[in-house]
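Visitor: My numbering numbers the first residue of the sequence shown as 42 and each following residue consecutively.
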Amino acid sequence: MPDQQDVIEILEHDHREVERMFTELEALRGASSNEDKERRKDLTEQVTIELVRHSVAEEVLVYPKVENDVSEEEAEHAREEHAEAEETLQRLEKLDADDPSFDDELATLMEEIRHHIGDEEGQMFAHMRQVIDADELRTLGKRVEAFKKVAPTRPHPNVPNEALPRAAAGPAASLFDRMRDLATGRGTDD
Ligand SMILES: [Fe+2]
Ligand SMILES: [Fe+2]
Numbered sequence: 042m043p044d045q046q047d048v049i050e051i052l053e054h055d056h057r058e059v060e061r062m063f064t065e066l067e068a069l070r071g072a073s074s075n076e077d078k079e080r081r082k083d084l085t086e087q088v089t090i091e092l093v094r095h096s097v098a099e100e101v102l103v104y105p106k107v108e109n110d111v112s113e114e115e116a117e118h119a120r121e122e123h124a125e126a127e128e129t130l131q132r133l134e135k136l137d138a139d140d141p142s143f144d145d146e147l148a149t150l151m152e153e154i155r156h157h158i159g160d161e162e163g164q165m166f167a168h169m170r171q172v173i174d175a176d177e178l179r180t181l182g183k184r185v186e187a188f189k190k191v192a193p194t195r196p197h198p199n200v201p202n203e204a205l206p207r208a209a210a211g212p213a214a215s216l217f218d219r220m221r222d223l224a225t226g227r228g229t230d231d
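What follows is the structure, given as structure tokens:
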């Protein structure tokens, strides 16, 4: 698999994408035109979809590996940060973009996620590179890519942030999420 990106390249690429959406969302803070409000709503949906898919892929495929081969403590810390951000995502999902608390919840989410990305890239991923060989990182990358195509798209904070419960809840939760997305046009431009 010479062209296969390794798991860290894929996850870091996701992080850059999320940061790009955050920057655009910050520029739209307090937006007053209908067009800007609409854009803010769409972007919040897209960032939620991306974050949920990314996080569940990490929980099912990456953190168990980290727990076994790198550091139990780092895996546990990351799961706690996911659980916290997932609750913020769920509060945000229930709010109208016009709601006065929308901007505050969004700011909380950005703070939590930026901090978490810093921890992953500064510690966990750096340690993974030291311990896991390049072939294995590419194999894991392939699995993460495939997994993200079927992962859930909505926050499910009632499901524990562990691989087994995630995988068990996955098929039903993902299908339900995707049916709802199709029914409402969420995550699309129309
Ligand atoms: Fe991540
Ligand atoms: Fe993460």
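C-beta: ideal position from N, C-alpha, C; glycine also.
Predicted model, so just to flag it, every value in this text is computed and none were measured.
1. If the criterion is Cβ atoms closer than 8 Å, does the pair E203 and R120 meet it?
2. For P206, which residues from the same chain have a beta carbon less than 7 Å from its beta carbon, with the 5 sequence-adjacent residues on both sides left out?
3. Identify every run of the alpha helix (DSSP H) within the region 71-106, keeping only runs that are complete inside it and at least 4 residues long; order them along the chain.
4. Let me confirm a value: R61 is counted as buried when at least 16 other C-beta atoms fall within 10 Å, else exposed. Which label applies?
5. I need the DSSP call for D47, collapsed to helix, strand or coil.
6. Would you list, in sequence order, the uninterrupted alpha helix (DSSP H) runs of no fewer than 4 residues that lie entirely inside the region 106-167?
7. In the DSSP assignment, find the unbroken alpha helix (DSSP H) run with K183 in it and report its ends.
8. Apply the 10 Å Cβ neighbour rule to T89 and answer buried if 16 or more other Cβ atoms are within range, or exposed otherwise.
9. Thinking C-alpha only, which one of E100, E146, M165 is nearest A208?
10. Quick one: residues in its chain with C-beta nearer than 8 Å to the C-beta of A138, no 5 flanking neighbours on either side, listed in chain order?
11. What residue from S142, D47, R132, L66 has the CA that sits closest to V103's CA?
12. Out of Q45, N75, P198, which one is the CA nearest neighbour of R132?
13. Figure out for me which residue from L178, F188, G226 has the closest Cα to the Cα of D44.
14. Quick one: does the C-beta of I49 sit closer than 7 Å to a heavy atom of ligand 1?
Guide: On the basis of the coordinates in this document:
1. The residue labelled residue 203 in the question sits at position 162 within the sequence shown. The residue labelled residue 120 in the question sits at position 79 within the sequence shown. Going by beta carbons, E203 and R120 fall inside the 8 Å limit.
2. Position 165 of the sequence shown, counted from the start, is the residue given in the question as residue 206. Around P206: V200.
3. 75-98
4. Taking the sequence shown and counting its residues from 1, one reaches residue 61 at position 20. Only exposed fits R61, as fewer than 16 other CB atoms lie within 10 angstroms of its CB.
5. Working through the sequence shown from its first residue, we reach residue 47 at position 6. Note: D47 maps to coil in three-state DSSP.
6. 113-135, 143-160
7. The residue given as residue 183 occupies position 142 in the sequence shown. Where K183 is concerned, the enclosing alpha helix (DSSP H) stretches over 175-189.
8. Your numbering for residue 89 matches position 48 in the sequence shown. Result: buried.
9. Translated into positions along the sequence shown, residue 208 becomes position 167. The shortest Cα separation from A208 among E100, E146, M165 belongs to E100.
10. For the purposes of this step, residue 138 is identified with residue 97 of the sequence shown, where counting begins at 1. Only K78, R81, K82, T85 meet the Cβ criterion.
11. Taking the first residue of the sequence shown as 1, we reach residue 103 at position 62. Here the closest residue by C-alpha is D47.
12. Position 91 of the sequence shown, counted from the start, is the residue given in the question as residue 132. Ranking Q45, N75, P198 by Cα distance to R132 puts P198 first.
13. Start at 1 with the first residue of the sequence shown, and residue 44 comes out as number 3. The shortest Cα separation from D44 among L178, F188, G226 belongs to L178.
14. What you label residue 49 is simply residue 8 of the sequence shown in a count that begins at 1. Incorrect: I49 has no Cβ contact closer than 7 Å to ligand 1.
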